[in-house]
Amino acid sequence: MQDVAFLNGAFVPLAEAKVSIEDRGFQFGDGIYEVIRTYKGRPFAIEAHLARLERSATALDLTQPYSRAEWTRYVLEGIRRAAYPEAKIYIQLTRGVAPRDHAYPADVTPTVVITVREFHPLDSSVQVAGVEAMTIEDIRWGRCDIKSVNLLANVLARQQAKQAQVFETILVKAGSVTEGAVSNVMVVQGGTVVTAPEGSRILSGVTRAVVLDLALSEGLPVQERFVSQADLYDADEVFLTGTTVEVLAVVRVDGKIIGDGRPGPITQRLAADFTSRVG
Ligand code: PLP
Numbered sequence: 001m002q003d004v005a006f007l008n009g010a011f012v013p014l015a016e017a018k019v020s021i022e023d024r025g026f027q028f029g030d031g032i033y034e035v036i037r038t039y040k041g042r043p044f045a046i047e048a049h050l051a052r053l054e055r056s057a058t059a060l061d062l063t064q065p066y067s068r069a070e071w072t073r074y075v076l077e078g079i080r081r082a083a084y085p086e087a088k089i090y091i092q093l094t095r096g097v098a099p100r101d102h103a104y105p106a107d108v109t110p111t112v113v114i115t116v117r118e119f120h121p122l123d124s125s126v127q128v129a130g131v132e133a134m135t136i137e138d139i140r141w142g143r144c145d146i147k148s149v150n151l152l153a154n155v156l157a158r159q160q161a162k163q164a165q166v167f168e169t170i171l172v173k174a175g176s177v178t179e180g181a182v183s184n185v186m187v188v189q190g191g192t193v194v195t196a197p198e199g200s201r202i203l204s205g206v207t208r209a210v211v212l213d214l215a216l217s218e219g220l221p222v223q224e225r226f227v228s229q230a231d232l233y234d235a236d237e238v239f240l241t242g243t244t245v246e247v248l249a250v251v252r253v254d255g256k257i258i259g260d261g262r263p264g265p266i267t268q269r270l271a272a273d274f275t276s277r278v279g
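Be aware that the sequence shown starts at 1, since it is given in our numbering, and climbs by one per residue.
Written as structure tokens, this is what we have:
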């Protein structure tokens with residue numbers, strides 16, 4: 001078992017995978033990424049992740065080096081080489097190496113990186129108890145739908161969460177809850193599952209789509225609209241969705257107890273449905 005890297009068409013030991021200092025990913029954050037995890041050794045929802053990668057690339061006019069079939073082949077090969085029980089796969093695609101200039105040359109070759117590392121799921125006690133979150137102002141740019149490697153606002157948000165010893169920061173823009181720093185946020189209000197609509201203010205999570213689908217299958221009403229910070233505090237239930245967090249109850253926000261302070265029944269149902277779906 002070993003960490004694996006794939007750089008521009010070849011598998012190399014992770015420690016030897018080097019990118020030029022003139023890479024635009026390094027110079028400008030001019031690149032995109034995806035994070036995929038495996039269940040029972042198989043990448044979950046790889047088609048949806050690759051579709052989002054294509055959307056991000058198109059939005060930034062990045063050259064797409066591989067077809068979905070080729071990406072899939074390299075990801076599967078990386079998983080095979082790493083041989084971990086469960087793996088976390090990062091795909092990173094930057095515009096490539098060019099002399100530093102904000103505007104980019106037409107013929108630049110993209111830099112492709114895939115890494116495969118061991119995935120450690122959250123401890124089941126965390127799932128059972130739920131987590132605490134804090135709200136902060138969403139200071140990100142206006143295209144949060146693009147999964148850009150430019151993650152400075154998210155880095156600062158996660159650092160604040162770490163310092164406050166809470167699990168996640170929930171971002172609030174002009175009074176509306178957008179999403180978490182590394183997750184989407186859903187609330188339950190009177191039996192309805194409510195989450196921010198797709199658009200430029202959130203990353204359209206792969207897990208978000210799966211969970212909304214599960215909610216509909218359960219016969220639960222779903223509304224894609226923004227909720228206010230006050231609605232968040234007053235919600236019957238709050239939970240996060242994401243590749244690494246799956247469906248995770250939030251039981252306290254900014255020190256205020258959500259519901260009765262335990263993962264609520266709808267969150268638990270959707271978490272169980274999600275486990276069945278991925279298993
Ligand atoms: N929102 C943000 C800002 C994220 O970074 C992530 C995942 O990393 C998500 C939402 C959840 O997306 P997904 O379910 O595709 O992992």
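All C-beta atoms in this analysis are idealised placements derived from N, C-alpha and C, irrespective of residue type, glycine included. Keep in mind that this is a model prediction, so the values were computed, not measured.
Run of the beta strand (DSSP E) containing residue i, from where it starts to where it stops
i      : result
Tyr90  : Ala87 to Thr94
Val117 : First, the residue type needs correcting, since residue 117 is Arg and not Val in the sequence shown. Residues Thr111 to Glu118.
Phe6   : Val4 to Leu7
Gln64  : No beta strand (DSSP E) holds Gln64; DSSP gives it neither H nor E.
Ser176 : Ser176 to Gly180
Ala10  : Ala10 to Pro13
Ala133 : Val131 to Glu137
Glu16  : Where Glu16 is concerned, there is no enclosing beta strand (DSSP E), given that its DSSP letter is neither H nor E.
Val188 : Asn184 to Gln189
Arg37  : Gly31 to Tyr39
Burial state of residue i, where buried means 16 or more other Cβ atoms lie within 10 Å
i      : result
Arg73  : exposed
Ala272 : exposed
Val4   : buried
Gly261 : exposed
Thr94  : buried
Pro110 : buried
Leu152 : exposed
Met1   : exposed
Arg100 : exposed
Leu216 : exposed
Gln92  : buried
Val187 : buried
Ser56  : buried
Lys40  : exposed
Ala15  : exposed
Leu122 : exposed
Thr38  : buried
Ser148 : buried
Gly96  : buried
Gln127 : buried
Ile202 : buried
Pro263 : buried
Val131 : buried
Opening and closing residue of the alpha helix (DSSP H) in which residue i lies
i      : result
Gln159 : Leu152 to Ala164
Phe26  : Arg24 to Phe28
Gly171 : Inspection of the sequence shows that residue 171 is occupied by Leu rather than by Gly. Note, Leu171: premise wrong, no alpha helix (DSSP H); beta strand (DSSP E) at Glu168 to Lys173.
Pro265 : Pro265 to Val278
Supposed contact pair residue j and residue i - C-beta distance, whole angstroms, cut 8 Å
i      : j      : result
Leu270 : Leu214 : 6 Å
Phe226 : Ser176 : 4 Å
Thr135 : Val172 : 5 Å
Thr178 : Ala196 : 6 Å
Val75  : Ile36  : 7 Å
Asp236 : Gly190 : 7 Å
Thr241 : Gly205 : 6 Å
Ser229 : Val194 : The question names Ser, but residue 229 in the sequence shown is Gln. Contact flag wrong, Cβ pair sits at about 14 Å.
Val278 : Phe44  : 6 Å
CB contact check: residue i to chain C, cutoff 8 Å
i      : result
Val128 : Absent from the structure: chain C. Only one protein chain is present.
Problem set entry | Those runs of the alpha helix (DSSP H) which lie wholly inside the segment 196-248 and span at least 4 residues | Qualifying alpha helix (DSSP H) stretches, in chain order: 206-217 and 229-234.
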